[in-house]
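Following: one structure in structure tokens, then a few remarks.
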Amino acid sequence: MNSFHGKILVIRGGAIGDLILTLPVLAALRRQFAEAHLEVLGYPHIVELALAGGLADRVQSIEARSLAGFFARGGELAEDLVDYFSEFDLILSYLYDPDDIFQINMRRCTGTQFIKGPHRPDESADIHATKVYLEPLERLAIFEADSVPRLEMRQGIGRNVGALDARTANGGGRLAMHPGSGSERKNWPEAKWAELLQRVMDTTEFDVLLIGGEAEGERLQRLGAALPPARARVAQSLPLVQLARLLARCDKFVGHDSGISHLAAAVGLPALLLWGASAEAIWRPPGERVVVLRHPQGLPQLSVGEVARHLCDTANKCE
Numbered sequence: 006m007n008s009f010h011g012k013i014l015v016i017r018g019g020a021i022g023d024l025i026l027t028l029p030v031l032a033a034l035r036r037q038f039a040e041a042h043l044e045v046l047g048y049p050h051i052v053e054l055a056l057a058g059g060l061a062d063r064v065q066s067i068e069a070r071s072l073a074g075f076f077a078r079g080g081e082l083a084e085d086l087v088d089y090f091s092e093f094d095l096i097l098s099y100l101y102d103p104d105d106i107f108q109i110n111m112r113r114c115t116g117t118q119f120i121k122g123p124h125r126p127d128e129s130a131d132i133h134a135t136k137v138y139l140e141p142l143e144r145l146a147i148f149e150a151d152s153v154p155r156l157e158m159r160q161g162i163g164r165n166v167g168a169l170d171a172r173t174a175n176g177g178g179r180l181a182m183h184p185g186s187g188s189e190r191k192n193w194p195e196a197k198w199a200e201l202l203q204r205v206m207d208t209t210e211f212d213v214l215l216i217g218g219e220a221e222g223e224r225l226q227r228l229g230a231a232l233p234p235a236r237a238r239v240a241q242s243l244p245l246v247q248l249a250r251l252l253a254r255c256d257k258f259v260g261h262d263s264g265i266s267h268l269a270a271a272v273g274l275p276a277l278l279l280w281g282a283s284a285e286a287i288w289r290p291p292g293e294r295v296v297v298l299r300h301p302q303g304l305p306q307l308s309v310g311e312v313a314r315h316l317c318d319t320a321n322k323c324e
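Counting with my numbering, you get residues 6 to 324 for the letters of the sequence shown.
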């Protein structure tokens, strides 16, 4: 373990899944530089997960207008940001910066050690995203770090789920289901989700938590309306930290190729993922508790029966 006592800044934009896949970087920095102050610059509603999970000491918003000058060639650099970046002894950036403009502007304002990480993996290399994001740490003599994202949520989950806890206290179990994603092409048909949910109600002891955000629109409400209120709840557009804590109290997760699936896997939830055309070797959540189902003719052809069988085989809560 290094005795470095300075300040480290990790800059990470992107969506939920991008941050989750970068968590091994934060964890490795934490282990290697345990006495250092570790800060994350990103979208607040996303990077707060790193703070809640104990992987960062502070998070800051990347949405400040004054940051725009750092993305312009020869741009005007805001004094407050120059002062901010100069506070750090090491800056690791995963921003999209194909022409190195951000990197050049950072070097104009500070002599801080700057490491440029990849914004996305090169899919032709067929290396999992977490391992790609860890590669820049080799410059800091960090090798063979754990590449599985892990997010330990220690605090309570809030007052909105008390009824769920009361119903499942007798051993019925909680099944979290996310019938959406950031792209419609990654989604299993809604009618098949409806049929699967009915099978869960008819043949298992699970209580169901339907989760989603704005991308799911009215789909979540339509699916939830067909379920008995005593065994189902809809949780839509929850803050991510609250959702992570709620997922950590569930027994199993079913979802798609999505950031929420990465979040579920990161909090340790056994996950059954209905996978579409994305490169599984690069983008699937790593870990032994994740099962991926695919169909050679495309996700819409995946049958409800096969999904239900896998759910029962791994859950041990079916009749």
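Beta carbons: idealized from backbone N, C-alpha and C, even for Gly.
Which of the three DSSP states, helix, strand or coil, is assigned to Gln226?
Annotated three-state conformation of Gln226 is helix, per DSSP.
Beta strand (DSSP E) segments (min. 3 residues) lying fully within the region 246 to 309
Taking only runs of at least 3 residues, the beta strand (DSSP E) segments lying wholly in the region 246 to 309 are 257 to 260, 276 to 279, 295 to 298.
Please list, in chain order, all residues of the same chain as Lys197 whose beta carbon is under 7 Å from its beta carbon, the five residues on each side excluded.
Cβ contact annotation for Lys197 (same chain, cutoff 7 Å, sequence separation greater than five): Val309, in chain order.
Does DSSP put Asp212 in a helix, a strand or coil?
Strand at Asp212.
What does a CB cutoff of less than 7 Å around Ala199 pick up in its chain, not counting 5 residues either side in sequence?
Result list for Ala199: Leu228, Ala231, in chain order.
Give, in chain order, every unbroken run of the alpha helix (DSSP H) that is at least 4 residues long and sits entirely within the region 105 to 146.
As far as the region 105 to 146 is concerned, its whole alpha helix (DSSP H) runs of at least 4 residues are 106 to 114, 134 to 139.
Between which residues of its own chain and Tyr101 is the CB-CB distance below 7 Å, once the five residues before and five after are set aside?
In chain order, His124 place their CB closer than 7 Å to the CB of Tyr101, counting only its own chain and leaving out the 5 sequence neighbours on each side.
What three-state label does DSSP hand Gly74 in the structure shown?
In this structure, DSSP gives Gly74 a helical state, which the three-state scheme calls helix.
Looking at the structure shown, is Ser91 part of a helix, part of a strand, or coil, going by DSSP?
Judged by DSSP in its simplified three-state form, Ser91 adopts helix.
Please state if the CB of Leu43 and the CB of Ile16 are separated by a distance shorter than 7 Å.
Using a Cβ distance threshold of 7 Å, Ile16 and Leu43 do not count as a contacting pair.
Does Ala282 have its Cβ less than 7 Å from a Cβ in chain B?
Absent from the structure is chain B; it holds one protein chain and no more.
Roughly how many whole angstroms lie between the Cα atoms of Thr173 and Val153?
With a pLDDT of only 44 at Thr173, under the threshold of 50, the placement of this residue in the model should not be trusted, and no figure is reported.
Inspect the CB distances between the region 131 to 147 and the region 51 to 58 and report whether three or more fall short of 8 Å.
Short answer: they don't touch.
Within the chosen definition, does the region 213 to 223 reach the region 174 to 194 through at least 3 CB pairs nearer than 8 Å?
At 8 Å Cβ cutoff, the stretches touch.
Tell me the DSSP bridge mates of His42?
DSSP, once it has assigned bridges, lists Lys12 as partnering His42.
Euclidean distance between Cα positions of Leu156 and Ala271
One C-alpha to the other measures close to 5 Å.
CB Leu298 to CB Leu279, shorter than 7 Å?
Less than 7 Å separates the beta-carbon of Leu298 from that of Leu279.
Name the one or two DSSP bridge partners that Ala237 has.
According to DSSP, which records beta bridges pairwise, Ala237 is partnered with Val213.
Where does Leu100 fall in DSSP's three states?
Coil.
Out of Glu81, Ser242, Phe75, Cys255, point me to the one whose CA is closest to Ile51's CA.
For the residues Glu81, Ser242, Phe75, Cys255, the minimum Cα distance to Ile51 belongs to Ser242.
So Arg63 is in the beta strand (DSSP E); what residue range does that whole segment cover?
Per DSSP, Arg63 belongs to the beta strand (DSSP E) from 63 to 66.
Could you give the DSSP three-state label for Met182: helix, strand or coil?
Strand at Met182.
Around the Cβ of Asp104, are there at least 16 other Cβ atoms within 10 angstroms (buried) or fewer (exposed)?
Asp104 is exposed by the Cβ-count criterion.
For the alpha helix (DSSP H) holding Thr35, just list the boundary residues, first then last.
In the sequence under discussion, the amino acid at residue 35 is Arg, which differs from the Thr named in the question. It spans 21 to 37 - the alpha helix (DSSP H) in which Arg35 sits, taken as one unbroken run.
For Ala3 versus Ile147, is the C-beta spacing smaller than 7 Å?
Since the first and last residues shown for the chain are 6 and 324, residue 3 lies out of range.
Please determine, among Leu274, Glu195, Gly59, the residue with the shortest C-alpha to C-alpha distance to Glu223.
Closest in C-alpha terms to Glu223, from the list Leu274, Glu195, Gly59, comes Glu195.
Terminal residues of the alpha helix (DSSP H) in which Leu156 lies
Boundaries for Leu156: no alpha helix (DSSP H) harbours it, and the DSSP string shows neither H nor E there.
Short Cβ contact (7 Å threshold) for Asp85 with Lys12:
It is not a contact, given that the beta carbons lie outside the stated cut-off.
Can you tell me where the alpha helix (DSSP H) with Glu149 in it begins and where it stops?
If you look at Glu149, you'll find it isn't in any alpha helix (DSSP H); DSSP assigns it neither H nor E.
I'd like to confirm the pairing. Which residues does DSSP put opposite Gly4 in its beta bridges?
Beyond the ends of the chain as shown, which are 6 and 324, falls residue 4; an answer cannot be given.
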